[in-house]
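In numbering that gives the first Met the number 0, the protein residues as written are 0 to 403.
The beta carbon of each residue, even a glycine, is placed where N, CA and C say it ideally should be.
These numbers come from a predicted model, not from an experiment.
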Amino acid sequence: MQSFRVLSSRERNLHILIIEYFLMDVFEEFREKMHITRKWIYLNHAAIGPLPTDTFIELSEGIMEKTLHGAANIDLNAIDEKYVKMQKIGRKILGTTREETIFFPQYTQLGMLPILDGLDFKSGGNVVITDMEFTQNSFPFQVFARKTHRELKVIRSIDGKIPWENFEKAIDDETRVVGLSHVQFANGFKTDLRAVAALCHDHGAFLLVDAIQSLGTLNFRAHDWDVDAVVAGGYKWLLGPFNTGIGYIAPHHLDKIDPTMAGWMTDQDYLNMTHHPYNPVFGAKRLQGHINPSLFTLYSSIKLLTNVGLRDIETKIRSLTNHIVKRAEEMELKVASPREAHERGAIVKVDIDNAEMGVKFLKSHNVSVSLRNGGIRLAPHAYNTLEEIDKTMDLIGEFLRIKK
Ligand SMILES: Cc1ncc(COP(=O)(O)O)c(C=O)c1O
Numbered sequence: 000m001q002s003f004r005v006l007s008s009r010e011r012n013l014h015i016l017i018i019e020y021f022l023m024d025v026f027e028e029f030r031e032k033m034h035i036t037r038k039w040i041y042l043n044h045a046a047i048g049p050l051p052t053d054t055f056i057e058l059s060e061g062i063m064e065k066t067l068h069g070a071a072n073i074d075l076n077a078i079d080e081k082y083v084k085m086q087k088i089g090r091k092i093l094g095t096t097r098e099e100t101i102f103f104p105q106y107t108q109l110g111m112l113p114i115l116d117g118l119d120f121k122s123g124g125n126v127v128i129t130d131m132e133f134t135q136n137s138f139p140f141q142v143f144a145r146k147t148h149r150e151l152k153v154i155r156s157i158d159g160k161i162p163w164e165n166f167e168k169a170i171d172d173e174t175r176v177v178g179l180s181h182v183q184f185a186n187g188f189k190t191d192l193r194a195v196a197a198l199c200h201d202h203g204a205f206l207l208v209d210a211i212q213s214l215g216t217l218n219f220r221a222h223d224w225d226v227d228a229v230v231a232g233g234y235k236w237l238l239g240p241f242n243t244g245i246g247y248i249a250p251h252h253l254d255k256i257d258p259t260m261a262g263w264m265t266d267q268d269y270l271n272m273t274h275h276p277y278n279p280v281f282g283a284k285r286l287q288g289h290i291n292p293s294l295f296t297l298y299s300s301i302k303l304l305t306n307v308g309l310r311d312i313e314t315k316i317r318s319l320t321n322h323i324v325k326r327a328e329e330m331e332l333k334v335a336s337p338r339e340a341h342e343r344g345a346i347v348k349v350d351i352d353n354a355e356m357g358v359k360f361l362k363s364h365n366v367s368v369s370l371r372n373g374g375i376r377l378a379p380h381a382y383n384t385l386e387e388i389d390k391t392m393d394l395i396g397e398f399l400r401i402k403k
């Protein structure tokens, strides 16, 4: 059997330097395709991801086609083929080899709803969410619990994290569904999905993950982590247009899912538009509801990310976010995100006095960030640079000096 020697920290650093050297070109190419970098230091991907050039062109061509030709050139037969092509690339972002597990909701919530509606959960019991969720990932579970007469349990966070024992206390044999963001929108707290999925399954619960704040930033492994379902809008870290998204449902749920949102294009005989019994296609596509060409515009964005490589994107983003944390600590600012990189996604929140004015000050210097709960949320993608982080942190320092 082969044995491995643990690398010394000097060797590890050298290793990272070599990887960074060879990856430089890839990230430079990525940056080239992000037109936004010509005007902005853009650290706001947790709000909206800008479009890469190729996606912009594809989207514009679609608008032109509809404007000039309407339905004249539409080939309904080609839609199936395009859908499968999307599924094939989509599975790379989600970490599965099975394309039939992938579908494309128009936004996060529109993926979540047919899953909640379409699975035959055992009656009664409870539904679990956390108090860190963005409202879009909280309200649907609140309504679902109320309408299906289940108890709603809200796991409490402490200091911007959810302690593991709080998951263990909340999820029990009565839990039917757990709704959880992989990375929390406000401060980037990241949950170990493999561990939560195992806990859920020990109790027979279904884990529905909102991954809008993580897909496109890291090497997501839906299959290996054994999550039941994943949904994400495409307009943030996936750098896709509005009204695009992606979803996953684990293979063993595929034949059980039966959503009310039955769309004409998810019928096996979709070219037959006269009355006939609905016979849904096999796989996650039946969660689709609606298919139109704008759904396919997510393709170029995903292709760009998969060409760069999700592992490398994850490494690069980690070096950027680690740098933010380091600079903030040197400046004696309060970092409201987890310090440990494995507990943090691509988001770092830094709390400062007058954060609202601080965000405006940064904007006046062409730096785009968001204000969240009295702090500045910095959310870099892999095409951002360490120099941009330094410039931003210097500007925050300058703002604080002026404000004194
Ligand atoms: C965690 C999370 N879920 C969902 C959304 C948005 O959901 P939708 O795509 O349904 O608009 C956001 C947007 O900020 C978010 O941060």
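Counting along the chain, the unbroken beta strand (DSSP E) around residue 176 starts and ends at 174 to 180. DSSP places residue 158 in the coil class of the three-state scheme, outside both helix and strand.
DSSP places residue 129 inside the beta strand (DSSP E), whose first and last residues are 125 to 129. At a threshold of 6 Å, residue 180 counts as near ligand 1, since its beta carbon sits closer than that to one of the ligand's heavy atoms. If you look at residue 233, you'll find it isn't in any beta strand (DSSP E); DSSP assigns it neither H nor E.
As computed with DSSP, residue 219 is found in no beta bridge at all.
In the DSSP assignment, residue 323 falls within the alpha helix (DSSP H) that extends over 309 to 329. Counting other Cβ atoms within 10 Å of its Cβ, residue 277 stays below 16 and is therefore classed as exposed.
In this model, residue 13 and residue 216 are separated by some 24 Å (Cα to Cα). Contact between the stretch 233 to 247 and the stretch 256 to 275 is absent: fewer than 3 CB-CB pairs across the two stretches fall below 8 Å.
Residue 189 is bridged by DSSP to 182. Only buried fits residue 132, as 16 or more other CB atoms lie within 10 angstroms of its CB.
Take residue 170, set aside five residues on each side of it, and the residues of its chain with a beta-carbon closer than 7 Å to its own are 127, 177, 198, 199, 202, 204, in chain order.
For residue 82, the enclosing alpha helix (DSSP H) has its first and last residue at 75 to 93. Apart from the 5 residues on each side of it in sequence, residue 210 sits with its Cβ closer than 6 Å to the Cβ of 181, 229, 231 in its chain, given in chain order.
Distances from the CB of residue 94 to the heavy atoms of ligand 1 are all 6 Å or more. Within the same chain, and ignoring the five residues on either side of residue 347 in sequence, the residues whose Cβ sits closer than 7 Å to its Cβ are 187, 320, 323, 324, 334, 336, 377. Around the beta-carbon of residue 365, fewer than 16 other beta-carbon atoms lie within 10 Å, marking it exposed.
Note on residue 272: under 16 other CB atoms within 10 angstroms of its CB, so exposed under the neighbour-count rule. As DSSP reads the structure, residue 367 sits in a beta bridge with 41. For residue 205, the enclosing beta strand (DSSP E) has its first and last residue at 205 to 209.
In the assembly as shown, residue 52 is an exposed residue. Its beta-carbon has fewer than 16 other beta-carbons within 10 Å.
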